[in-house]
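First to last, the protein sequences are chains E and Z.
All you need for my numbering is the position in the first sequence, starting with 1, plus 456.
All you need for my numbering is the position in the second sequence, starting with 1, plus 82.
One structure is given here, and the rest of the page talks about it.
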Amino acid sequence: MKPGLPLVILATLAICAAPCTARAAGAEVPTPTLANVGGTTVVQQSDSAASLAGIALVVRAGLDRETMKQNGVAALVAQTILLTPVGSPAMSLQDAIAARGGSVRFTIDPSDVRFYIEALAGDAPAVLDLFRTALAAPDFSPATIRTARAALVRQIAQSQQQALQVGLDMLNAAGSSQANAGLPELGTPASLAQIFSNDARAFYHAYYRRGGSLISAAGRLDGLGADTLSSLAAALPEGTTAPVAVHTPLLSGATHEIVAHRDISSPWLIAQYPAPKVDSEDFGPMLVLAAFVRRTLSDIAQVPGVVTPTFASRSVGAVYAYDRAPPSLVLYVNGGLIGNPSRAFATALSVVNVLAATRLQGSIEEFKAEAAGDFANDATTLETRTWLAAVFSRESASPDFINRALAAISTTTPDDVQRVARKYLGNPTIALVLPRGTNLQD
Amino acid sequence: MNARAAVLAATFAVTVVGLCRTPAPAAMPQAIGSLPRGGSYVLDPDPTVGSAAIGLWFRAPAAGFDNATPGISNLAATAAAVAPLASGKSLYALIHSLGGELNIEVYPDIVGIAAVVPAAAARRVIAGMTGAYFAPTLDDTAVKTARANAAVLGVQQRYESDATLHDLLFKQIFAGGPAHYPPLPDSVAQLTSISTAQAGAYAKRAFRAENAVLTLAGNVDASSVSAVTDGGGNGSMDTPYDSPLAKSPASATMTGSIDGVGLGWVGPPIADQKAATALDFIADYLFRDRTGVVPRTLDKSSSDTLLSGQFITLHDPGVMVVTIGGDEEKATEQRVLAALDALQQPLDRATFEAAREAFLYHVATDTQTPQERADNLGWYTVEGNLQYAPGLANGSYEQAVRALDPQYVADVVRRYLRNPVVVNLTATSSDKESP
């Protein structure tokens, strides 16, 4: 007989009653070095055995520098830099870097724009030189702006087909205390259509400043000169900038639900809770809690996939987005692959509620091991490592993300988990992304 | 995992296991040696990451040693992972309890067992993995679990154009041998027809220590090799399980659960490093997602065309496979053929050199994680040419890439990439309505 709801909850809470002896902490990893060069923070994780060098440049020119009417200008400027002609024969920065054996891309965050450049170690100096050239003097001609806008519109169209991204965008918009920081990262086709060369140029000149910038590099860095990294930021004029203050009242009321319809085949249910930053004493417990919630959601949904991960086993999940401001814990269910998504989702939310009131029975060592494994195994690409070092450098006293996270997990107790559940998991905001032509009753 | 990674994982739901092994030209202080109780190991350490990847690779025919039991390697490999070890806990449970993940990779001629774990757990997993495979004890419960796993994967695969078309192309190209049969059986009846005794006997023969290479990458060192717990053979690795080619491989039209088009060409063996490397380069230049000549002509904002093209490096022979799913299959097929036709003429020097440098970068960036490197070393070892795996210091892969020139690449296109075997897959109307 299939157990009913209360039994499911109790069974889940006691899921690791047997003593577990797994040691969560990993072997010690070398700590990234940290320096301040002319006002720019430079973090390095050198690995002489790597074949690649990865460099992230973070500039305070993200969403919170946009006005509400300018949504998309941060992305448009970044895309314009990627399309700026460089080298001889001249070609766009992204094509020139690809031809030299590398890649460049950008991400717009609530307060930053982050460029990530990666290249074969021997090509890295030349690739960074190309990037520096474009960064110092982007081509804001109408033709390049048009091409950049078209590229962004294509990316937006693609992301609108990803239901989880649509839901996260809505939840981020609802959860941001700064209204502009919660706007869509790339803007919208409508907002981009209202932004022209002069707007992009003005944004660049106002916010692409050296102050507050950060460079995080990893991989084989011994081929780069002493000044090569810091010279990236030196391509920008001195000065600091401040966010554009745009306050809107947060949602009030006991329950928050946001609904959107998109051209998708099945509904998605997403819940978002506030979560601690990486410098909080609650960071480690929240990582463990996220592992517990992830396992619980999978158990409740009874996702098939005995040994090998399947579509279905990846259709539910929990993500602790500690690298975004404000941080959050997100639960999601893809309704197309679960027999009764509403029930699975509601049960998961009930379990989360129960967690705040009920101490976990038995050992939490298995969840600690899972949390440690998730963190360590997800932090293996150069791009992830540069970004995590940047996040920890910004948000805490040390860029040593891996050892600090594993230590925080290792010292977590069941009482910590309950305390954190009670503190953060009270009142979620829920996003429902539905196929067009359906409604909530469906 | 950060939110963006979660979106990608949830959207593109299943980890894609690369069939084309194109390793990174890393300058690692690697080590190669013999295991204490039979078999060999390859070590590729990287102390700057927090995880370790552990792989165990075998030469093992997917359809059995007599090619009469398709799916038996899948069943045996999975059952060995879920059967209880001496501790009472299975390898699968052990790895998960230590915060790791286990992947079982079954191909027509080889089997790879791959785990990625926090570094501190590496020794325990090496001990558990070698115990589970070098001294397998499969029982009915383990085989039943393995059947259930295979059944779930089988249903899933019906809706994956890439894997389905790959198997159908191999069926047309190879007249017999393990490559003629899908590694995952077509039907539940095939699964249930394999008994526990058959799976157990297969496991004992295929998963011998002397038929294995242990690959270690990431935050792990040579002392970990002493954690190997079982094995006792004095023999050597089996000879490669090659498959005979069809004399006149025919194109075919088949029905299934999805629409798609597959194109296949027989290529060189792994021993012909120069030609194999040229085909890797061609696949990267023409078909790589986002940067390839053909994908760049596809507007992904208005089309859900799924294009995959890769040269699969095998002992003898390798196979170039292009699969097209989603929509606009026939139009995309014409673009693929036109691109290959154009490449029969040498690229101009500047275009070629840019493409070659980009290829070297793609190889490096695709194989930068411990798991990718461990898989890579395992694949090349059991396919018969570890020295060709560029992950090895002083390996020959990067040299082979740098030795390519436009004329030779055009020659390879003319020699190998004309007259493809084509499989047209058409979904039945009832399947089209399924998820």
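A virtual CB, placed ideally from N, CA and C, is assigned to each residue, including glycine.
Please report whether the beta-carbon of residue i lies at a distance below 8 Å from any beta-carbon of chain E.
i: Z/Y443; result: yes
i: Z/S385; result: no
i: Z/R103; result: With a pLDDT of 38 at Z/R103, under the threshold of 50, the predicted position of this residue should be treated as unreliable, though the coordinate-derived value follows. Not one chain E Cβ lies under 8 Å of Z/R103.
i: Z/S133; result: yes
i: Z/P129; result: yes
i: Z/A163; result: yes
i: Z/T395; result: no
i: Z/I186; result: yes
i: Z/T519; result: Because residue 519 of chain Z is not part of the residues shown, which for chain Z are 83 to 517, the question remains open.
i: Z/T379; result: no
Let's test the definition: count the other Cβ atoms within 10 Å of the Cβ of residue i and tell me whether it reaches 16, buried, or not, exposed.
i: Z/T463; result: buried
i: Z/M319; result: buried
i: Z/M402; result: buried
i: E/H661; result: exposed
i: E/A861; result: buried
i: E/Q728; result: buried
i: Z/H262; result: buried
i: Z/E439; result: buried
i: E/V744; result: buried
i: E/Q621; result: buried
i: Z/K253; result: buried
i: Z/T223; result: exposed
i: E/D523; result: Note that residue 523 of chain E is Thr in the sequence shown, not Asp. Under this definition E/T523 is an exposed residue.
With a threshold of 8 Å between beta-carbons, can residue i be considered close to chain Z, or not?
i: E/S866; result: no
i: E/L508; result: yes
i: E/Q501; result: yes
i: E/L648; result: no
i: E/I564; result: no
i: E/V498; result: no
i: E/P486; result: yes
i: E/V700; result: no
i: E/L725; result: no
i: E/V715; result: no
i: E/L862; result: yes
i: E/I720; result: no
i: E/R637; result: Note that residue 637 of chain E is Ala in the sequence shown, not Arg. Taking Cβ atoms only, chain Z never reaches closer than 8 Å to E/A637, which makes this a no.
Near residue i, which residues of its chain fall below 6 Å by C-beta distance, leaving aside the five closest residues on each side in sequence?
i: E/I720; result: A619, P891
i: Z/Y284; result: I154, A158
i: E/F748; result: F823
i: E/L639; result: L519, N527
Restricting to Cα atoms, I'd like to know which of the options is closest to residue i.
i: Z/T212; options: Z/T373, Z/L486, Z/T297, Z/N506; result: Z/T297
i: E/F857; options: E/A512, E/T840, E/E574; result: E/T840
i: Z/S325; options: Z/V376, Z/D398, Z/V302, Z/L117; result: Z/D398
i: E/G643; options: E/R657, E/R610, E/A673, E/A689; result: E/R610
i: Z/K329; options: Z/Y215, Z/L250, Z/A446, Z/I255; result: Z/I255
i: E/G675; options: Z/V483, Z/G477, Z/P129, Z/V503; result: Z/P129
i: E/I865; options: E/F801, E/A606, E/G829; result: E/G829
i: Z/E242; options: Z/Q469, Z/N301, Z/D341, Z/D487; result: Z/D341
i: E/E900; options: Z/S339, Z/K171, Z/L176, Z/S116; result: No statement about residue 900 of chain E is possible, as the shown extent of chain E runs from 457 to 898 and does not include it.
i: E/D579; options: E/F596, E/A552, E/A593; result: E/A552
i: E/L688; options: E/R666, E/T696, E/A701, E/G695; result: E/R666
Quick one: what's got a C-beta closer than 8 Å to residue i's C-beta in the same chain, skipping five residues either side?
i: Z/S275; result: T151
i: E/C472; result: Residue placement at E/C472 is poorly supported in this model, since its pLDDT is 31, which falls under 50; the coordinates are not used for a value here.
i: E/Q874; result: L811, A812, T814, R815, L816
In chain order, what residues of the same chain have a beta carbon less than 7 Å from the beta carbon of residue i, not counting five sequence neighbours either side?
i: E/P855; result: P488, L490, V499, A845, F848, S849
i: Z/A540; result: Because chain Z is modelled from 83 through 517, residue 540 of chain Z falls outside the range shown and cannot be assessed.
i: Z/T510; result: T337
i: E/Q535; result: A604, A607, L608
Taking 7 Å as the line, does the beta carbon of residue i fall inside it for any heavy atom of the ligand GTP?
i: Z/F441; result: Looking for the ligand GTP in the displayed structure turns up nothing, as the structure carries no ligands at all.
Interfacial residues, the region 292-303 of chain Z to chain E, with Cβ spacing under 7 Å: N301
task: Give, in chain order, every residue of the region 825-838 of chain E whose Cβ lies closer than 9 Å to some Cβ of chain Z.
output: A825, E826, A827, A828, G829, D830, F831, A832, N833, D834, A835, T836, T837, L838
task: Check each residue of the region 531-563 of chain E: if its Cβ is closer than 8 Å to any Cβ of chain Z, include it; give the result in chain order.
output: A554, A555, R556, G557, G558, S559, T563
- prompt: Listed from N- to C-terminal order along the chain, which residues in the region 432-461 of chain Z have their beta-carbon within a distance smaller than 7 Å of any beta-carbon of chain E?
  reply: A436, E439, A440, L442, Y443, A446, T447, Q450, T451, P452
field: Within 8 Å of chain E by C-beta, residues of the region 167-184 of chain Z in sequence order
entry: Y174, H178, S179, L180, G181, G182, E183, L184
field: Contact list for the region 574-606 of chain E against chain Z, Cβ threshold 8 Å
entry: E574, A575, L576, D579
query: Got a sec: which bits of the region 192-204 of chain Z sit with their beta carbon under 9 Å from any beta carbon on chain E, in order along the chain?
result: V198, V199, P200, A201, A202, A203, A204
task: For the region 219-235 of chain Z, enumerate the residues whose C-beta is nearer than 8 Å to any C-beta of chain E, in chain order.
output: T227, A228, A230, N231, V234, L235
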